[in-house]
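Under the numbering used here, read the sequence shown as residues 1 to 173, first letter to last. Beta carbons: idealized from backbone N, C-alpha and C, even for Gly. Here the structure is a predicted model, which means the values were calculated and not measured.
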Amino acid sequence: MAGTPSSPPKDGMMRKSKFVYEAETDGYRCPQGQLLAYATTDRNGYRHYRSDPAICRDCPLLASCTTNTKAIRTITRHVWADARQRTDAHRLTPGARRSTNAERRRSNAPLPTPSSCTATAMPASEVKSASHASACWPPQPRTSRRSQWRGPKHQSPAWRKPRHPSSSPTKQV
Numbered sequence: 001m002a003g004t005p006s007s008p009p010k011d012g013m014m015r016k017s018k019f020v021y022e023a024e025t026d027g028y029r030c031p032q033g034q035l036l037a038y039a040t041t042d043r044n045g046y047r048h049y050r051s052d053p054a055i056c057r058d059c060p061l062l063a064s065c066t067t068n069t070k071a072i073r074t075i076t077r078h079v080w081a082d083a084r085q086r087t088d089a090h091r092l093t094p095g096a097r098r099s100t101n102a103e104r105r106r107s108n109a110p111l112p113t114p115s116s117c118t119a120t121a122m123p124a125s126e127v128k129s130a131s132h133a134s135a136c137w138p139p140q141p142r143t144s145r146r147s148q149w150r151g152p153k154h155q156s157p158a159w160r161k162p163r164h165p166s167s168s169p170t171k172q173v
């Protein structure tokens, strides 16, 4: 979908990564040093930063920056972009990598199979581990597919409910 905040630039056009975000001015700096100031925030949480067309009309990089006829370049940034950058920076630290690798090793432990679970109480001597017992006991109640709630989208409206045959209107000829 063209024009969305996540769409890549067209061939030959300058990427968003060429612009530098400045938190103190809450704006982006273009490669020519001009500031793209904050303009608005849309309902999806993206802040829009726009260039000054009076400055950009005479820019030597205009052809590779924007195809806008008014010479305005817009860059979007999500309101949670700072939090995402902090999370990504932490995720790449050696301590976080060790922690993530340890969690992966633990999550690859074998799960109990349905054949090893019984519907009767198991003596403590037969319980292999706490994870096995909690996964198998108590047994989950069986529910049919029809008894599961599927939400209002799947419920028929009140006007579609069947009527009693005697209350239905009859055609008079």
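Classification of residue i by the beta-carbon crowding that lies within 10 angstroms, buried from 16 upward
i, result
"Leu36", "buried"
"Arg98", "exposed"
"Ser7", "exposed"
"Gly27", "buried"
"Arg77", "buried"
Straight-line gap, residue i to residue j (C-alpha atoms, nearest Å)
i, j, result
"Lys18", "Arg86", "20 Å"
"Gly95", "Ile55", "47 Å"
"Lys10", "Lys16", "12 Å"
"Cys30", "Val20", "7 Å"
"Met13", "Leu62", "10 Å"
"Arg73", "Arg47", "14 Å"
"Ser51", "Gln34", "8 Å"
"Cys59", "Asn101", "49 Å"
"Asp82", "Ala39", "18 Å"
"Tyr49", "Ile75", "5 Å"
"Asn44", "Ala89", "24 Å"
"Gly3", "Thr25", "With a pLDDT of 47 at Gly3, under the threshold of 50, the modelled position of this residue cannot be trusted; read the value that follows with caution. Approximately 26 Å between the Cα atoms of the pair."
"Asp42", "Thr93", "33 Å"
"Trp80", "Ala23", "13 Å"
Assigned secondary structure, residue i (DSSP; H/G/I helix, E/B strand, else coil)
i, result
"Gly33", "coil"
"Gly95", "helix"
"Ile72", "coil"
"Arg84", "helix"
"Arg47", "strand"
Whole-angstrom C-beta distance between residue j and residue i, which should lie under 8 Å
i, j, result
"Arg84", "Ala71", "With a Cβ gap of about 31 Å, Arg84 and Ala71 do not count as contacting."
Inset, instruction - Assess, as a yes-or-no matter, whether the region 92-111 is touched by the region 64-73 under the definition of 3 or more beta carbon pairs within less than 8 Å. - result: Under the 8 Å Cβ criterion, the region 64-73 does not count as touching the region 92-111, having fewer than three qualifying pairs.
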